[in-house]
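Peer 1:
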Amino acid sequence: MVLKEKFSVVETSKFNRVKDLYLLPLQRSEQPDDVLLPFDGPGLPNPRSEMIMAIIVRRRDRIEHVENGSDETH
């Protein structure tokens with residue numbers, strides 16, 4: 001795990017379907033950065049205690065791109 005300013009980056013090379021994984025600690029009164037909003041689903045409870053938010057970036061397979069009509073790889 002690598003600490004970056006306010007969040008941690010978790011090693012994901014052992015997980016085939018996960019491209020990136022970040023851990024973001026949030027204080028009780030703190031909101032996530034605007035780039036993460038809006039959430040799908042119920043959002044954050046109000047009121048809430050301190051929490052650690054996990055942000056998972058899923059890896060898309062080349063097969064998914066071809067099936068969806070795109071032959072590009074990222």
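FYI, full-length UniProt numbering numbers position 55 of the sequence shown as 55, with every residue one higher than the one before it. A virtual CB, placed ideally from N, CA and C, is assigned to each residue, including glycine.
Once DSSP output is grouped into helix, strand and coil, what is the label at Leu-37?
Peer 2: Position 37 of the sequence shown, counted from the first residue, corresponds to residue 37. Three-state result, Leu-37: coil.
Peer 1: Report the rounded CA-to-CA distance for Asp-40 versus Asp-34, giving the unit in angstroms.
Peer 2: If you number the sequence shown from 1, residue 40 lands on position 40. If you number the sequence shown from 1, residue 34 lands on position 34. One C-alpha to the other measures close to 14 Å.
Peer 1: Per DSSP, what kind of secondary structure is Asp-61 in: helix, strand or coil?
Peer 2: For the purposes of this step, residue 61 is taken as residue 61 along the sequence shown, with counting starting at 1. Asp-61 falls in the coil class under three-state DSSP.
Peer 1: Along the beta strand (DSSP E) that carries Phe-7, what are the first and last residues, could you check?
Peer 2: Translated into the one-based positions of the sequence shown, residue 7 becomes position 7. Per DSSP, Phe-7 belongs to the beta strand (DSSP E) from 7-10.
Peer 1: Return the CA-CA distance between Arg-59 and Pro-45, expressed in angstroms with no decimal places.
Peer 2: Along the sequence shown, read from residue 1 onward, the residue named residue 59 stands at position 59. Along the sequence shown, read from residue 1 onward, the residue named residue 45 stands at position 45. Each residue's alpha carbon lies about 29 Å from the other.
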